[in-house]
Structure formats: C-alpha cells, structure tokens
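Chains as they are written, first to last, in the working numbering: chain A, 3 to 219; chain B, 6 to 335.
Don't be surprised by glycine CBs; every beta carbon is placed ideally from N, CA and C.
Remember, predicted model here, so these are calculated numbers, not experimental data.
Scroll down for the structure; my scribbles are underneath it.
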Amino acid sequence: MENWARFLEVNAPRILELTIDHAVLVSLAIFVALLIGIPLGIYLTTNQYLADTVLQIASITLTIPSIALFGVMIPIFSLINQGIGFVPAFVALVLYSQLPIIRNTYTGIKNVNPEMRDAAIGMGMKTHQRLLRVEIPNALPVIMAGVRTAVVMNIGIAVIAAYIGAGGLGVLITQGISRNDNYLIISGSIAVAILAIIADSILLLIQKRFTKKAIAE
Amino acid sequence: MISFNHVTKSYGEEITAIDDVDFTVEQGKIVVLLGPSGCGKTTLLRMVNQLETITKGEIIINGENSKDLDPIELRRKIGYVIQSNGLFPNMTIEENVMLVPDLLGWSKKDKRTRFEYLMKLIGLDAKDYGKRYPHELSGGQQQRIGVVRALAADPPVMLMDEPFGALDPIIRDKIQEEFLQIQREVKKTILFVSHDIDEAIKMADKILLLRDGEIMQFDTPSEMLAHPKNEFVSQFFGKDRAIKSLSLHTVENLREVIGLGPVDESIQDTKTIHIHQDLRNTLSMLLNQEADQVIVTDEQGENIGTITIDLVQKYLHFEIKGKMSASQEG
Numbered sequence: 003m004e005n006w007a008r009f010l011e012v013n014a015p016r017i018l019e020l021t022i023d024h025a026v027l028v029s030l031a032i033f034v035a036l037l038i039g040i041p042l043g044i045y046l047t048t049n050q051y052l053a054d055t056v057l058q059i060a061s062i063t064l065t066i067p068s069i070a071l072f073g074v075m076i077p078i079f080s081l082i083n084q085g086i087g088f089v090p091a092f093v094a095l096v097l098y099s100q101l102p103i104i105r106n107t108y109t110g111i112k113n114v115n116p117e118m119r120d121a122a123i124g125m126g127m128k129t130h131q132r133l134l135r136v137e138i139p140n141a142l143p144v145i146m147a148g149v150r151t152a153v154v155m156n157i158g159i160a161v162i163a164a165y166i167g168a169g170g171l172g173v174l175i176t177q178g179i180s181r182n183d184n185y186l187i188i189s190g191s192i193a194v195a196i197l198a199i200i201a202d203s204i205l206l207l208i209q210k211r212f213t214k215k216a217i218a219e
Numbered sequence: 006m007i008s009f010n011h012v013t014k015s016y017g018e019e020i021t022a023i024d025d026v027d028f029t030v031e032q033g034k035i036v037v038l039l040g041p042s043g044c045g046k047t048t049l050l051r052m053v054n055q056l057e058t059i060t061k062g063e064i065i066i067n068g069e070n071s072k073d074l075d076p077i078e079l080r081r082k083i084g085y086v087i088q089s090n091g092l093f094p095n096m097t098i099e100e101n102v103m104l105v106p107d108l109l110g111w112s113k114k115d116k117r118t119r120f121e122y123l124m125k126l127i128g129l130d131a132k133d134y135g136k137r138y139p140h141e142l143s144g145g146q147q148q149r150i151g152v153v154r155a156l157a158a159d160p161p162v163m164l165m166d167e168p169f170g171a172l173d174p175i176i177r178d179k180i181q182e183e184f185l186q187i188q189r190e191v192k193k194t195i196l197f198v199s200h201d202i203d204e205a206i207k208m209a210d211k212i213l214l215l216r217d218g219e220i221m222q223f224d225t226p227s228e229m230l231a232h233p234k235n236e237f238v239s240q241f242f243g244k245d246r247a248i249k250s251l252s253l254h255t256v257e258n259l260r261e262v263i264g265l266g267p268v269d270e271s272i273q274d275t276k277t278i279h280i281h282q283d284l285r286n287t288l289s290m291l292l293n294q295e296a297d298q299v300i301v302t303d304e305q306g307e308n309i310g311t312i313t314i315d316l317v318q319k320y321l322h323f324e325i326k327g328k329m330s331a332s333q334e335g
C-alpha cells in the first residue's frame, strides 16, 4: 500500500491529465459519430435497400481488429501529414462507433409498433412530424442503448490508440508493459474502467431524463 | 356523406381485393362493414383516407373526390380509430387527444376547451386524466380516449377499424352503448369495420356484408336478418338469426305489440329489467334465472308489468318469424 501511495503521489496529476485526454478523444469521436450515425439511421428507415448495404458495411468495419485499423490509418493520413497522433485515432473511433449507433437508430425506429405508425399516418402527420413526435421518442431507449455501447466500446479501443501516438490512458499501459511496471499497467487499466463506468452512468441518467416513464417500462 | 362509386382495388392482373363496390354512407349514419377475415373490409375503409390506393372508381367525401384532395389535409378532416395501441405512449392523454387540433394549429385556449368537452362526453375527469399517460389507463379507458381523439377536431367523417375488438365482452358492450349515445349527440358519418355480427347489428344503421371484396348485401340490420339475399348472407348470420334479431327490439316494442303480463305482488325476489333493455338480453336473463318471469320497470323505476319466456316467444313469432316466413314464401 505504501508503494501505491508513493506512486500516486508522483503520478496522480499525469493520470488525471491522461484521463482527460482520453475522455476528450472519445467524446469528440462520439459527438461526430452521432452527427453522422443518427441522421443516417433515420434516413435508412425509409430506404430498405440502402439499409441492408450500409448495415453490412458497418458490421464489417467492426470486425476489423482495432490495432489493424489504427495501422491502416497511418499511411492514409500520412498523405496529409497527420499519420500519427490525434487525427487517425479520432477517425478510427468514429468508424467504430457507427455500427451500434446506426443499427440501433434504424432498428429502434423500424420496431416502433406498426399500429402506432398507422395511427400517426392516418391522423394526417407528415413524415417529419411522425418521426419527431412519435417514432424517435418511442425508439429513444433503443437508440440510447446503441450510444452507450459505442461510448463504452470506444473508451476501451482508445487505449490502443496510444500505439499511434494519440495519447490517453493507453500511454500508461503501453509504458507499463515496455518498462515492466505493474503500477503503471494497473493504474491505467483501473482509470479506463472507472471512466467507462462513469460515462455509461451519465448516459443512462440522460436516457432516463429524456424518456417518458411510459416507454422506459 | 361518403359515396363509393364502383370502387375496385386489384394487385396486378390476378388478384382483386375489392371488386366494383358501390354504396353510400348517408350523412350522420353508421355503416358497418362486415364479413369474414380477408373479405376486404379493412382495405375498403383505408381507401377512404388514402392509406390504400384505389385502382378504379372513386370515393366522394362530402362532395369532393378523395383523389383531388391532399392526403395530409384529407386525413386531418377524418377521424380515425384503430383496434388498439393507437395511442402514443410518449404523450399524455391530453397531448394524444389534442394531436390533430395541434397539427391544425389551434390556439391553446381552444384546445383546452375542446379537451374538457370531449372528456365530459366519455365521463372522465379532464384535470385528473389529462396529465396521465396511456399505460396508466385501463383498456376500456384507452379505447374511449382513442374514440374522442378521433373526434378532437370535430371531423364530419369517422373511420373506425374494429375499435372495440380488443376489449372484453362486458366492457365492449358498455362502450358500444356509450358510443351510440355520443353519436346521437355528434351525428358523424361513420364507416365502421367489424367481424362481430352482434356488434354490427347493434351499431349499424346499415350493414355492408362483404365476401372476397364483393358486396353480398347492403341493408338495415333487421332487413338483412329477415330477408337475407342469398345463401352466404343467411349462413353468415347463422341459424340463430331470429334470436340475434331480438337484440334489435326492446321490451317497449313488445309492450306496444302484445302487452306485458300483470304484476303479481305475491312473487318475491324477482329480478327487474328496464323497459329499454333489448329482448335478447331479456331472454337470456329469463333463461338464466329460475323464476319464469321478470318485472319490467320504466324510466322512473316503477314496476309496470312482467315479461315471460312465452311473451318473448310470441313476439318473436309475430314480429320476426312472421316477416321471415313471409319473405321466404314471397
């Protein structure tokens, strides 16, 4: 325990700084992923053919091992002199988040009770009114579940991003491995886990706040 | 008024879902579309608010050809009630009911007044229920809300697709009564889909019986029971159609034709029945209890006579069977 106390005394500011870096990287990636994924998911509900194709591509993206995807990013972004660092990591995380976000938005809306949709159309709602007033509110729990999956997954994957110089808590772990320093490895891992739990809890609170009791049950 | 002018709907060359259907729902009347599943009754209903396309023919709603109207505008002018789950769970009762007025841009005050009026119609407290969500209501209450939601913007025409089909028989009966009461007040032109013969007899001013998209008969319930046009119609209403038709007659009708029995003061514990009760219910009441008579009461609750199985049978013989056999001979 004494060793830990000494370790933290020295490293606490650095751990905190790296945690913030990590959170910023993931938040920015999720923010952009939401901007792309949710409108795309909503649009796909109106285009069955495109939906199959896009969901297929998104699934394939997710099967690429993260280290490989980061590797692929390096030569591509070297073209604009951003081969390593924040940009390639950010882009890879955006790509990874797409599947859960698009898929859950799409399925959430598609699975809204067809009778409810029928009533909405039959009462004379226009498409955007139906989406905004009926379908999205009722699909919200499913959409949010996708967002939470994406966030937790990205917090984990962002650890690997340390290998391409994107910083974050992965730095502690990779350094710990190369220096054979258990304190670094363990503190890095715990920080990642805590970050994931906090992020998920916050999102759950947001979800509950914006979902009417009736739908959550 | 809704007129169907030789309306046909077909899928491709082969399948005809609706075949040259031609009839009119008069202003302020209820026409029930009745028939076995797959006969096209729901399709026919959904053609009115353009949820289904028309292949041939036209539907004229209050003088306007539905094809010339913008579907969104048209639907907002037609009340639409479906079997269940048509309420939006993310909206309060008030938001649900006031949805079409809201789409039409009514003022807050107008919406409020209208909501209170509508809730009064179905006997629910506007203050208490307005802020609740649909899942907090019983099935019967939800269906009542579904009905008044369709009435919200005071549309001249209503489409009801098996609105009471998901309710248990006791609640269904009550809500049917309530709805007829409301209809007497609001006098909407209503197209009503049902697969329940008893419901059709009770609700309809006229019944349109369909089979495979073709009209089998279009008549008042009593005409249809008394004079089925063909084998299908008489089979559809069943061998007990004489008994079914009893539900079209009340104790009062019987009193006018053959009179009630005298009240026997010596008999105790006899059940009573209201004079406006229909004869079918009266008959089952007589059959279900041991005494062979029940006491009839009037609006004031006074005993005005008794009714027995014999009297019902006699009435059935004169009024209903008499007409039926006359038609068969003729």
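Please indicate yes or no: does the CB of residue i lie closer than 6 Å to some heavy atom of the ligand GTP?
| i | result |
| --- | --- |
| A168/A | Only the bare structure without any ligand can be found here, which leaves the ligand GTP out of the picture. |
With distances taken between CB atoms, is the gap from residue i to residue j smaller than 7 Å?
| i | j | result |
| --- | --- | --- |
| E137/A | I87/B | no |
| Y122/B | I98/B | no |
| D303/B | I309/B | yes |
| G110/A | A141/A | yes |
| Q32/B | T194/B | yes |
| I206/B | S252/B | yes |
| G40/B | K46/B | yes |
| I300/B | V37/B | no |
| I23/B | L50/B | no |
Quick one: is residue i near chain B, going by C-beta distance under 7 Å?
| i | result |
| --- | --- |
| N140/A | yes |
| E137/A | no |
| E117/A | yes |
| K128/A | yes |
| G124/A | yes |
Within 7 Å (strictly less), CB to CB, does residue i reach chain A?
| i | result |
| --- | --- |
| E334/B | With a pLDDT of only 42 at E334/B, under 50, the local geometry of the prediction cannot be trusted, and the value read off the model is given with reservation. No, E334/B lies away from the interface with chain A (no Cβ there is under 7 Å from its Cβ). |
| R119/B | no |
| I98/B | no |
| R137/B | no |
| I77/B | yes |
| G91/B | yes |
| R81/B | yes |
| Y134/B | no |
| N54/B | yes |
| V191/B | no |
| N10/B | no |
| Y122/B | no |
| N95/B | yes |
Rounded to the nearest angstrom, what separates residue i and residue j at their Cα positions?
| i | j | result |
| --- | --- | --- |
| Y320/B | E228/B | 17 Å |
| N10/B | I64/B | 6 Å |
| V144/A | G43/A | 12 Å |
| A31/A | V89/A | 10 Å |
| L214/B | L207/A | 54 Å |
| F17/A | G190/A | Checking the sequence, you will find Ile at residue 17/A rather than Phe. So the alpha carbons of these two residues sit roughly 8 Å apart. |
| L197/A | P102/A | 20 Å |
| G243/B | D217/B | 19 Å |
| E100/B | G128/B | 18 Å |
| V262/B | F241/B | 29 Å |
| T58/B | E78/B | 16 Å |
| G167/A | I159/A | 14 Å |
| R105/A | S29/A | 20 Å |
| L109/B | L97/A | 42 Å |
| V238/B | E219/B | 12 Å |
| S332/B | R80/B | Unreliable placement is indicated for S332/B, whose pLDDT of 49 sits below 50; no coordinate value is reported for it. |
| S71/B | S8/B | 10 Å |
| K128/A | T287/B | 50 Å |
| T118/B | K112/A | 36 Å |
| D269/B | Q181/B | 35 Å |
| G335/B | N235/B | Model confidence at G335/B stands at a pLDDT of 36, short of 50, so the residue's coordinates are unreliable and nothing is read from them. |
Quick one: give me the first and last residue of the alpha helix (DSSP H) that residue i is part of.
| i | result |
| --- | --- |
| H130/A | T129 to R132 |
| G310/B | No alpha helix (DSSP H) holds G310/B; the beta strand (DSSP E) holding it covers N308 to T313. |
| H24/A | E4 to L46 |
| F79/A | S68 to S80 |
Note the first and the last residue of the continuous beta strand (DSSP E) segment covering residue i.
| i | result |
| --- | --- |
| V36/B | I35 to L39 |
| M221/B | E219 to D224 |
| F9/B | I7 to Y16 |
| L215/B | K211 to R216 |
| S199/B | T194 to S199 |
Is the number of C-beta pairs between the segment 99-111 of chain B and the segment 147-163 of chain A that are closer than 8 Å three or more?
-> Verdict: no, contact absent.
Are there three or more Cβ pairs, one per stretch, closer than 8 Å when the segment 161-169 of chain B is compared with the segment 70-88 of chain B?
-> Touching, per the Cβ criterion.
Would you check if there are 3 or more beta carbon pairs closer than 8 Å linking the segment 262-281 of chain B to the segment 230-243 of chain B?
-> Because the criterion of three Cβ pairs below 8 Å is not met, the segment 262-281 of chain B and the segment 230-243 of chain B do not touch.
Cβ contact check for the segment 57-70 of chain A and the segment 116-134 of chain A: 3 or more pairs under 8 Å = Note that the segment 57-70 of chain A does not touch the segment 116-134 of chain A; fewer than 3 beta-carbon pairs, one per stretch, sit closer than 8 Å.
Count the CB pairs spanning the segment 181-199 of chain B and the segment 9-27 of chain B that are closer than 8 Å, and state whether there are at least three.
-> Result no; under three Cβ-Cβ pairs closer than 8 Å.
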